[in-house]
Amino acid sequence: MVGAPASGRARNGAAGGFRDARGGARARGAARRRVPQQPRRGFLRPETLLRNKWAYRAASAALPLLRARGAKDYQIAAIECMLSDFADAYLGRKPCVFTSAFVPTELVYGLGGVPFLPEAASGLAAAFGLGAASLSACEALWYSPDLCSFHRAGVGGAAAGFLPRPSAVVVTAHLCDGGKKSLAHLSALAGCPFYIIDVPFASSNRGERWVASQVEFVAEDLARRVPGLSVDGLPRALVASNEALTEYREVCALRRNVPAPWRGSEALNYVLLFLWSWGSPLLAPFYRALRTHLARTIDTQGFPVQSERHRLLWLNLRPYYRTKLFEHLERDRASSVAFEEYSFAYWPAMDPRDPFVSLARKMTSNFGWGPIERRLEVIEKLVDEYSIDGVVQFAQWGCRQSNGGAAIIGSELRKKGVPFLNLDGDGVDDGSGIEAQSITRLGAFIELLDARKVGER
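If you want my numbering, it's the position in the sequence shown, counting the first as 1, plus 53.
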């Protein structure tokens, strides 16, 4: 149902908590279980720092120091973009709207709110050492461990007080089943409105109109129910998105260079911005700075993997905790992740005069939704455009929407002479104990590519 109000009581009696901008904890639910807590560090506790305005001022003041120590302009721009959104969300400067990964964030920016993607934030939590605490908190709520760890960490992060308090939650019905269900739970915990946008499986003009009507309803209902939101800013958000898309397509063109001008392990980190920031006025400056950096790298021949032997296409996400996987790939095996499936911009430029249809078209254009041939067509296109030697799918634990097509994709690619590796792993849980096995399997895959090149001589 679109626009269904969420119950203030969590299902199954599970308890969780959100903290408001002042840091006060609120828990909802019939039964409360003990949630594992981080060691008390006073002001330095993450749930405290995230809600302290002085922490954001200190972080902003430190940016010139980071630049002086060698941080690139695009890295600084990315930090500025995320700092702005986090300050808006955690300090309550704007209404915070939780979304699933495939809701166009232009909708939220255009309404005057700030988007927050719990599953994307789970990657940040893992990178900053909070993944284990978030997963433990989710386990205390009786969540099954076979659910994707990105969603479990999102739910656990809310229970542990790591997430801001949402004013509303918006999800889409397509692609990821776990995302919409875990976010429905968070909506119930927060007692805020919950909206689900139904995206038809088959792509058609009729389906696009159906999605557009839902987007219009969601936008207008949010503007009515959440103070501080208005539909007036939607055209500006679409203009900002188009500006960023123009810059981003230039970035993608530069990444076709051989050798790769950008380290793939870092590119996978910035998938966060790709999912989160469309519609933000700060996204175009980030991609503009990145374009300048890549062009300079090509001009100066300062490639991250100088003697590049193999170019890989990476499907799905990556482990976001500290791992030696990419160091082994790039340093020991002289191989680059030349491009990533989740970095492919699949939608056309938007029409600011028709925002609801434009946002609907972005959702229905997603190549991961619909027949598997849509995804396979994009993968084959990327293989050709980026001179790919082999394809690696990171088989994220519990990610059914991506892993379900692995056998078909692998079979079709091998028919075309493109080696394929389905690499088991977990993007958030650093206690999964699979890193050594993953490095071994990836090394064997590179040896296969080596043998193919020898045979082609």
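Beta carbons are placed, not taken as given, at the ideal position from N, Cα and C, and that holds for glycine. Bear in mind the structure is a predicted one, so any value in this text is a computation, not a measurement.
Checklist entry - Near Ser440, which residues of its chain fall below 8 Å by C-beta distance, leaving aside the five closest residues on each side in sequence? => result In the sequence shown, residue 440 corresponds to position 387, counting from 1. Excluding positions up to five away in sequence, the list reads Arg309, Val311, Arg364 and Ala391.
Next on the checklist: Taking 8 Å as the threshold (C-beta atoms), are Leu328 and Leu170 in contact?
Outcome noted: As a first step, residue 170 is located in the sequence shown; it is residue number 117 there, counting from the start. As a first step, residue 328 is located in the sequence shown; it is residue number 275 there, counting from the start. Yes, Cβ-Cβ distance for Leu170 and Leu328 is below 8 Å.
Checklist entry - Between Val279 and Ser220, which are expected to be in contact by the criterion C-beta below 8 Å, what is the C-beta distance as a whole number of angstroms? => result To locate residue 279, count along the sequence shown from 1; it is residue 226. To locate residue 220, count along the sequence shown from 1; it is residue 167. Confirmed, about 5 Å.
Next on the checklist: So if DSSP puts Ile250 in a beta bridge, which residue, or which two residues, is it bridged to?
Outcome noted: Here residue 250 is taken as the residue at index 197 of the sequence shown, counted from 1. In the DSSP output, where bridge partners are listed per residue, Ile250 has Thr225.
Checklist entry - Going by beta carbon distance, what residues of the same chain come within less than 7 Å of Ile129, once the five residues before and after it are set aside? => result Residue 129 sits at position 76 when you count from the first residue of the sequence shown. Closer than 7 Å at Cβ, skipping near neighbours: Leu116, Leu119 and Arg120.
Next on the checklist: So within the stretch 441-490, which uninterrupted beta strand (DSSP E) runs reach at least 3 residues, ignoring any that extend past its ends?
Outcome noted: 443-449 and 473-478
Next on the checklist: Excluding the 5 residues flanking Asp126 on each side, which residues of the same chain have their C-beta closer than 6 Å to its C-beta?
Outcome noted: In the sequence shown, the residue the question calls residue 126 occupies position 73. Closer than 6 Å at the Cβ level, and outside the excluded window around Asp126, lie Ala342.
Item to check | Distance CB(Leu291)-CB(Gly163) smaller than 8 Å | outcome: Residue mapping note: residue 291 aligns to position 238 of the sequence shown, counting from 1. Residue mapping note: residue 163 aligns to position 110 of the sequence shown, counting from 1. Remark: C-beta atoms of Leu291 and Gly163 approach each other more closely than 8 Å.
Item to check | Presumed contact (8 Å Cβ cut-off) between Val445 and Leu466, rounded CB distance | outcome: Residue numbering aside, residue 445 sits at position 392 when the sequence shown is read from its first letter. Residue numbering aside, residue 466 sits at position 413 when the sequence shown is read from its first letter. With a Cβ gap of about 11 Å, Val445 and Leu466 do not count as contacting.
Next on the checklist: If the criterion is Cβ atoms closer than 8 Å, does the pair Ala226 and Asp251 meet it?
Outcome noted: Here residue 226 refers to the residue found at position 173 when the sequence shown is read from its first residue. Here residue 251 refers to the residue found at position 198 when the sequence shown is read from its first residue. Against a cut-off of 8 Å, the Cβ pair of Asp251 and Ala226 comes out as a contact.
Next on the checklist: Within 8 Å, do at least three Cβ pairs link the stretch 252-261 to the stretch 410-418?
Outcome noted: yes
Item to check | Spatial distance of His204 from Ala142 (CA atoms) | outcome: As a working mapping, residue 204 is identified with position 151 in the sequence shown. As a working mapping, residue 142 is identified with position 89 in the sequence shown. C-alpha separation (whole angstroms): 19 Å.
Checklist entry - Roughly how many whole angstroms lie between the Cα atoms of Val436 and Phe379? => result To locate residue 436, count along the sequence shown from 1; it is residue 383. To locate residue 379, count along the sequence shown from 1; it is residue 326. Rounded to whole angstroms, Val436 to Phe379 spans 20 Å at the Cα level.
Item to check | Cβ pair count under 8 Å reaching 3, the stretch 180-189 against the stretch 481-493 | outcome: yes
Checklist entry - Quick one, are the C-beta atoms of Cys191 and Ala179 less than 8 Å apart? => result Within the sequence shown, residue 191 is the residue found at index 138, counting from 1. Within the sequence shown, residue 179 is the residue found at index 126, counting from 1. Going by C-beta atoms, Cys191 is not nearer than 8 Å to Ala179.
Next on the checklist: Assuming Asp138 and Val161 are in contact, meaning their beta carbons sit under 8 Å apart, how far apart are those beta carbons, in whole angstroms?
Outcome noted: Mapped onto the sequence shown, residue 138 falls at position 85. Mapped onto the sequence shown, residue 161 falls at position 108. In fact, because the Cβ distance is near 10 Å, the residues do not count as touching under 8 Å.
Next on the checklist: Given this structure, state the Cα-to-Cα distance separating Phe409 from Ser240, to the nearest angstrom.
Outcome noted: What you label residue 409 is simply residue 356 of the sequence shown in a count that begins at 1. What you label residue 240 is simply residue 187 of the sequence shown in a count that begins at 1. So the two alpha carbons sit approximately 24 Å from each other.
Next on the checklist: Assuming Trp422 is part of the beta strand (DSSP E), what are its boundary residues?
Outcome noted: Here the question's residue 422 lines up with position 369 in the sequence shown. Premise fails: Trp422 is in no beta strand (DSSP E) and is neither H nor E.
Item to check | DSSP three-state assignment for Ala74, whether helix, strand or coil | outcome: Indexing the sequence shown from 1 puts residue 74 at position 21. Bear in mind that a pLDDT of 45 at Ala74, under 50, signals an unreliable position, so the number given afterwards is only what the model happens to contain. Per DSSP, reduced to three states, the secondary structure at Ala74 is coil, with no helix or strand assignment.
Checklist entry - Using DSSP with H/G/I as helix, E/B as strand and the rest coil, what is Val150? => result For this step, residue 150 is matched to residue 97 along the sequence shown. In the three-state reduction of the DSSP assignment, Val150 falls in the strand class.
Checklist entry - From the DSSP output, which residues share a beta bridge with Val167? => result Position 114 of the sequence shown, counted from the first residue, corresponds to residue 167. Looking at the DSSP assignment, Val167 forms a beta bridge with Cys149.
Checklist entry - Who are the near neighbours of Arg302 in its chain, counting only those whose CB is closer than 8 Å to its CB and skipping five residues on each side? => result As a working note, residue 302 is residue 249 in the sequence shown. Closer than 8 Å at the Cβ level, and outside the excluded window around Arg302, lie Ala398.
Item to check | Start and end residues, beta strand (DSSP E) containing Phe392 | outcome: Position 339 of the sequence shown holds residue 392. Ser388 to Glu393 is the extent of the beta strand (DSSP E) around Phe392.
Next on the checklist: Please report the distance separating the alpha-carbon of Ser197 from that of Ser235.
Outcome noted: The residue given as residue 197 occupies position 144 in the sequence shown. The residue given as residue 235 occupies position 182 in the sequence shown. About 12 Å.
Next on the checklist: Residues in the same chain with beta-carbon distance under 8 Å from Pro92, minus the five sequence neighbours each way, listed in chain order, please.
Outcome noted: Within the sequence shown, residue 92 is the residue found at index 39, counting from 1. Because the pLDDT at Pro92 is just 47, under 50, the model does not fix this residue reliably, and the value given afterwards should be weighed accordingly. Here the set comprises nothing.
Item to check | C-beta contact flag for Ile487 and Asp503 at 8 Å | outcome: As a working note, residue 487 is residue 434 in the sequence shown. As a working note, residue 503 is residue 450 in the sequence shown. Result no, Cβ atoms of Ile487 and Asp503 do not sit closer than 8 Å.
Checklist entry - If you run the structure through DSSP and keep just helix, strand and coil, what is Arg93? => result One-based indexing of the sequence shown puts residue 93 at position 40. Model confidence at Arg93 stands at a pLDDT of 46, short of 50, so the residue's coordinates are unreliable and nothing is read from them.
Next on the checklist: Going by DSSP, what residue range makes up the beta strand (DSSP E) through Leu366?
Outcome noted: In the sequence shown, the residue the question calls residue 366 occupies position 313. Start and end: His363 to Leu368.
Item to check | Three-way DSSP call (helix, strand, coil) for Asn258 in this model | outcome: Start at 1 with the first residue of the sequence shown, and residue 258 comes out as number 205. Asn258 falls in the helix class under three-state DSSP.
Item to check | For Arg427, the nearest candidate out of Ser388, Lys147, Gly458 and Arg218 (CA to CA) | outcome: Reading the sequence shown from its first residue, position 374 is the one you call residue 427. Closest in alpha carbon position to Arg427, among Ser388, Lys147, Gly458 and Arg218, is Gly458.
Next on the checklist: Quick check on Ser220: does DSSP put it in helix, strand or coil?
Outcome noted: Along the sequence shown, read from residue 1 onward, the residue named residue 220 stands at position 167. Per DSSP, reduced to three states, the secondary structure at Ser220 is coil, with no helix or strand assignment.
Next on the checklist: Could you give the first and the last residue of the continuous alpha helix (DSSP H) run that contains Thr345?
Outcome noted: Here residue 345 refers to the residue found at position 292 of the sequence shown. Leu336 to Thr353 is the extent of the alpha helix (DSSP H) around Thr345.
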